[in-house]
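To start, the structure itself, in structure tokens.
Structure (structure tokens):
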């Protein structure tokens, strides 16, 4: 496996060295997306990531077409459009990632309805692999924010140009915490197993989700997100089968010339987990937190090509607090250092390599190490 | 069949009027506010095919105008379109009489994604740019996280326009 790493590095270096300049007509391509006339039209797009993950020592490497997503949009007229993303995960699992209709009320207000992304933090909404650094998505956006987090709902979104503000507010159906006599939420990944993803979802009480993004300072974008409600159960007679969820997220992205900074903080409070754990025998924590900071600097190569080393530090804990007799599991209290290279070869196409070092709070535990490499595309 | 065709043509004409009418109304409002005037006249600029061929941005009778007030030249304006992720948007670039950019404004933005490009603060970066400036996204014009496609596309369109203005100025067409 060492040889593979060497080979990969060699390929990368030679590709950087011998890349040809090809900078003509960069700006023209986006228009090609609109296949029909200007007032109506189909949009076709997609994104994908093909990964190689190799944990150090313990197990064999894994090659995976992690995600392949096909996007289709249809514009009925200037006011009404529909967008859907069909996702293949690990080649064989098929999901609908988004499917919603948009009705533009006026320049500042859109009504959206259908299967939509919950706006929380950065990655859940902007999850195309060429928009973030690292082969895999940050773990805070996985363990704490369960990306790709999407549910069926209705809401409004829009912008106030004079204030450089974007707002979003939705009612979604919530996480499924209890079905068929057993609990679904657990300590290791919190709410993740409760996502209904729009598949025969059931709703016992709607959840409220909102996000405000401010981009009035040139180069900076700051977001504040909130998600509040109760989980869903198929048996409303059992009070303890649901928990309360209130999640707050703060994120910031800053770009200055070739420097990029990113940070995110998520705090999720889960209520009534003691009764829930007693009922279901689960180990769900009552508070989950996650934070990360990332720095990246791009070196311009020929044409649009860029080589970007990056470094990210993450800290997340799905047992930041626990209720009742449940003792916090320190194996869930993790921090992580990840560094690597992003070699952008075209607008929307990149090679990636990185190395991850994961520690947990269990005393004398060993540092988990993983090498990742991959291909990322978005078109 | 004939009826159907003429009806379709009629609907097309009406709908195209309503779209361009709205854009012209919005453009009119911007011009009046930039020059702080109540009345002005617009004048088309005729460019020969030969010169138009050499321009990065083709000039037509409907996209580029002189702005005059009592025969005095106040400036110029350009109505353009740029593409976002899945749809196009309309914008206006207003120049003063010295061909410096006075204002860039997004008139109609259609898709949900990337509308940050219409931010007043961000568009202010174009003000004061001249025909000799070369605008590169993320260098001369700051990036917008989460609206990269639209912001890059807008920057490229304005850059193309500045180059066009430069050529027209050298060839004494303005």
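Chains as they are written, first to last, in this note's numbering: chain A, 1 to 379; chain B, 380 to 553.
Beta carbons: idealized from backbone N, C-alpha and C, even for Gly.
Practice item. Could you please tell me which residues of the region 208-220 of chain A, in chain order, have their CB closer than 9 Å to any CB of chain B? Key: 213, 215, 216, 217, 218, 219 and 220
Point to revise | Helix, strand or coil at residue 186 of chain A according to DSSP, with G and I counted as helix | key: For the purposes of this step, residue 186 of chain A is identified with residue 186 of the first chain, where counting begins at 1. DSSP places residue 186 of chain A in strand when its eight states are reduced to three.
Practice item. Identify the continuous beta strand (DSSP E) that holds residue 277 of chain A and give its terminal residues. Key: As a first step, residue 277 of chain A is located in the first chain; it is residue number 277 there, counting from the start. From DSSP, residue 277 of chain A is part of no beta strand (DSSP E) but of the alpha helix (DSSP H) over 273-280.
Point to revise | Buried or exposed by the 16-neighbour rule on C-beta atoms within 10 Å, applied to residue 175 of chain A | key: Start at 1 with the first residue of the first chain, and residue 175 of chain A comes out as number 175. Classification for residue 175 of chain A: buried.
Practice item. Could you tell me the boundaries of the alpha helix (DSSP H) in which residue 530 of chain B lies? Key: Position 151 of the second chain, counted from the start, is the residue given in the question as residue 530 of chain B. 527-549 is the extent of the alpha helix (DSSP H) around residue 530 of chain B.
Check your understanding: Where does residue 378 of chain A sit, in a helix, a strand or coil, going by DSSP?
Key -> Numbered from its first residue, the first chain carries residue 378 of chain A at position 378. In the structure shown, residue 378 of chain A sits in a strand (DSSP, three-state: E or B).
Review point. Taking 8 Å as the CB-CB cut-off, is residue 494 of chain B touching chain A?
Key: Taking the first residue of the second chain as position 1, residue 494 of chain B is located at position 115. Yes, residue 494 of chain B counts as interfacial toward chain A.
**Study point:** Beta-bridge pairing of residue 264 of chain A - partner residues as DSSP gives them
**Key:** Sequence index remark: in the first chain, residue 264 of chain A carries index 264 (1-based). According to DSSP, which records beta bridges pairwise, residue 264 of chain A is partnered with A:251 and A:292.
Review point. In the structure shown, what three-state DSSP assignment does residue 298 of chain A receive?
Key: Here residue 298 of chain A is taken as the residue at index 298 of the first chain, counted from 1. Correct three-state label for residue 298 of chain A: coil.
Check your understanding: Where DSSP assigns a beta bridge to residue 314 of chain A, which residues make up the other side?
Key -> On the first chain, position 314 is the one that residue 314 of chain A refers to. Beta-bridge pairing links residue 314 of chain A to A:292 and A:336.
Practice item. Figure out for me which residue from A:315, A:311 and A:325 has the closest Cα to the Cα of residue 133 of chain A. Key: Taking the first residue of the first chain as 1, we reach residue 133 of chain A at position 133. Minimum Cα distance to residue 133 of chain A is reached at A:311.
Check your understanding: Which residues, in chain order, does the region 114-145 of chain A contribute to contact with chain B at a C-beta distance below 7 Å?
Key -> 126
Review point. Between the region 512-532 of chain B and chain A, which residues of the former have CB atoms less than 7 Å from a CB of the latter, in chain order?
Key: 517, 518, 521, 522, 523, 524, 525, 528 and 532
Check your understanding: Taking Cβ-Cβ distances below 7 Å as the criterion, which residues of the region 97-111 of chain A are in contact with chain C?
Key -> Of the protein chains in this structure, namely A and B, none is chain C.
Point to revise | Chain-ordered neighbours of residue 43 of chain A on chain B, where CB pairs are closer than 7 Å | key: To locate residue 43 of chain A, count along the first chain from 1; it is residue 43. Going along chain B in sequence order, the residues near residue 43 of chain A (Cβ under 7 Å) are 465.
**Study point:** Same chain, Cβ closer than 7 Å to residue 332 of chain A, five either side skipped, listed in chain order
**Key:** Working through the first chain from its first residue, we reach residue 332 of chain A at position 332. The answer, listed in chain order, is 187, 188, 317, 318 and 319.
Point to revise | Burial state of residue 42 of chain A, where buried means 16 or more other Cβ atoms lie within 10 Å | key: Taking the first chain and counting its residues from 1, one reaches residue 42 of chain A at position 42. With fewer than 16 Cβ atoms within 10 Å of its Cβ, residue 42 of chain A is classed as exposed.
Check your understanding: In three-state terms, what does DSSP make of residue 306 of chain A?
Key -> Position 306 of the first chain, counted from the first residue, corresponds to residue 306 of chain A. Of the three classes helix, strand and coil, the one that applies to residue 306 of chain A here is strand, per DSSP.
Point to revise | Host beta strand (DSSP E) of residue 220 of chain A (start-end) | key: Translated into positions along the first chain, residue 220 of chain A becomes position 220. 220-230 is the span of the beta strand (DSSP E), which, as asked, contains residue 220 of chain A.
**Study point:** Proximity below 8 Å, CB of residue 355 of chain B to CB of residue 538 of chain B
**Key:** Outside the displayed range of chain B (380 to 553) lies residue 355 of chain B, so it cannot be described from this structure.
Review point. Taking only runs of the beta strand (DSSP E) that begin and end inside the region 41-74 of chain A, which ones reach a length of at least 3 residues, in chain order?
Key: 41-55
Review point. Using a Cβ cut-off of 7 Å, which residues of the region 147-161 of chain A contact any Cβ in chain B, in chain order?
Key: 157, 159 and 161
Review point. To the nearest angstrom, how far is it from the Cα of residue 191 of chain A to the Cα of residue 105 of chain A?
Key: In the first chain, the residue the question calls residue 191 of chain A occupies position 191. In the first chain, the residue the question calls residue 105 of chain A occupies position 105. Straight-line Cα distance between these residues: approximately 34 Å.
Check your understanding: Along chain A, which residues have their Cβ under 9 Å away from the Cβ of residue 411 of chain B?
Key -> By one-based count along the second chain, residue 411 of chain B stands at place 32. By Cβ distance, chain A contributes nothing, its closest Cβ being about 18 Å from residue 411 of chain B, past 9 Å.
Review point. How about the region 119-138 of chain A and the region 215-226 of chain A: do they share at least three Cβ pairs that are nearer than 8 Å?
Key: yes
Review point. Helix, strand or coil for residue 433 of chain B per DSSP?
Key: As a first step, residue 433 of chain B is located in the second chain; it is residue number 54 there, counting from the start. It is helical.
Review point. When you compare only the Cα positions, how much space is there between residue 127 of chain A and residue 409 of chain B?
Key: Numbered from 1 along the first chain, position 127 holds the residue referred to as residue 127 of chain A. Numbered from 1 along the second chain, position 30 holds the residue referred to as residue 409 of chain B. Straight-line Cα distance between these residues: approximately 37 Å.
Check your understanding: Does residue 253 of chain A come within less than 8 Å of chain B when only Cβ atoms are used?
Key -> Here residue 253 of chain A refers to the residue found at position 253 when the first chain is read from its first residue. With 8 Å as the cut-off, residue 253 of chain A counts as an interface residue toward chain B.
Practice item. Using a Cβ cut-off of 8 Å, pull out every chain B residue sitting near residue 257 of chain A, in sequence order please. Key: Locating residue 257 of chain A in the first chain gives position 257, counting from the first residue. In chain order: 517 and 518.
Review point. For residue 206 of chain A, which residues does DSSP report across the bridge?
Key: Along the first chain, one-based indexing puts residue 206 of chain A at 206. Residue 206 of chain A pairs with A:173.
Review point. Cβ of residue 190 of chain A less than 8 Å from any chain B Cβ?
Key: Here residue 190 of chain A refers to the residue found at position 190 of the first chain. Residue 190 of chain A does not count as touching chain B.
Check your understanding: Just the Cα atoms here: how many angstroms apart are residue 262 of chain A and residue 296 of chain A?
Key -> By one-based count along the first chain, residue 262 of chain A stands at place 262. By one-based count along the first chain, residue 296 of chain A stands at place 296. Using only the alpha carbons, I get a separation of about 9 Å.
Review point. Any C-beta of chain A sitting closer than 8 Å to the C-beta of residue 569 of chain B?
Key: Look at the range of chain B in this structure, 380 to 553, and you will see that residue 569 of chain B is not part of it.
Point to revise | Own chain, CB closer than 6 Å to residue 209 of chain A, minus 5 neighbours either side, in chain order | key: As a working note, residue 209 of chain A is residue 209 in the first chain. Same-chain partners within the cutoff: 118, 170, 172 and 227.
**Study point:** Assigned secondary structure, residue 411 of chain B (DSSP; H/G/I helix, E/B strand, else coil)
**Key:** In the second chain, residue 411 of chain B corresponds to position 32, counting from 1. Residue 411 of chain B falls in the helix class under three-state DSSP.
Practice item. Kindly list the residues whose CB is nearer than 6 Å to the CB of residue 361 of chain A, restricted to its own chain and excluding five residues on each side of it in sequence; keep chain order. Key: Numbered from its first residue, the first chain carries residue 361 of chain A at position 361. Cβ neighbours of residue 361 of chain A beyond the five flanking positions: 330 and 333.
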